[in-house]
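Using mature numbering (1 follows the signal peptide of the UniProt record, and there is no 0), the letters of the sequence shown map in sequence onto residues -15 to -1, 1 to 125.
Glycine residues also receive a C-beta, built at the ideal position from the N, C-alpha and C atoms.
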Amino acid sequence: MRTFIIVALIAGASAFGTLPAAITAPSPRRTTATTTSLNEFLSAEERADKISRWSEIRSMTREEASSSLSPEDLETYNNYYAEVRDGVLKMQELASLIMQSVDKAKGIAPKTKGQRKRDKFARVQARAAGKAAAAIKSPS
């Protein structure tokens, strides 16, 4: 059972594409780690074209995008703006909920000292009436 658990942990860790540590000194028994697309990091020069292209696409109107973009870029454009619109709508809904809770206290005058005392007396009377009713129902 322990062996099975250990093998499962090792298999799970290797499923994420972990690579062995890079070895600096060459050895006949060891190999150096190779880079994969998971470890790839594009330089600023390599990303500049994509960044400038995406900034052009983002600034287009819906009509311009539908007429001039390739289907792949148009799908990316539509997905991006659908996500942005959804985020804005969610934030507006959240803001309205927050403002409702903030506005609850507006327009309600604070209780006076006398009103607080009357409320406390009413609670005490209700509690005493409940105890009396319970004592009548179940005589001990």
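Just checking my contact of E33 with I42 at CB under 8 Å: how many whole Å lie between their CB atoms? By 1-based counting over the sequence shown, the position of residue 33 is 48. By 1-based counting over the sequence shown, the position of residue 42 is 57. Per the sequence presented here, residue 33 reads as Ala, with Glu not at that position. That belief does not hold up - the Cβ atoms of A33 and I42 are roughly 15 Å apart, past 8 Å.
Outcome for A62 when other beta-carbon atoms lying within 10 angstroms are tallied against a minimum of 16: As a first step, residue 62 must be located in the sequence shown, where it is residue number 77. Here residue 62 is Tyr; the residue named in the question, Ala, does not match the sequence. Label assigned to Y62: buried.
Distance, A117 Cα to S123 Cα: Numbered from its first residue, the sequence shown carries residue 123 at position 138. Numbered from its first residue, the sequence shown carries residue 117 at position 132. Roughly 10 Å separates the two Cα atoms.
Output needed for V87: all residues of its chain with C-beta closer than 6 Å, excluding positions within five of it in sequence on either side, in chain order. The residue you call residue 87 lines up with position 102 of the sequence shown. Once the five neighbours on either side are set aside, V87 has no close Cβ partner at all.
With DSSP run on the structure shown, which of helix, strand or coil describes I42? In the sequence shown, the residue the question calls residue 42 occupies position 57. If DSSP states are grouped into helix, strand and coil, I42 belongs with the helices.
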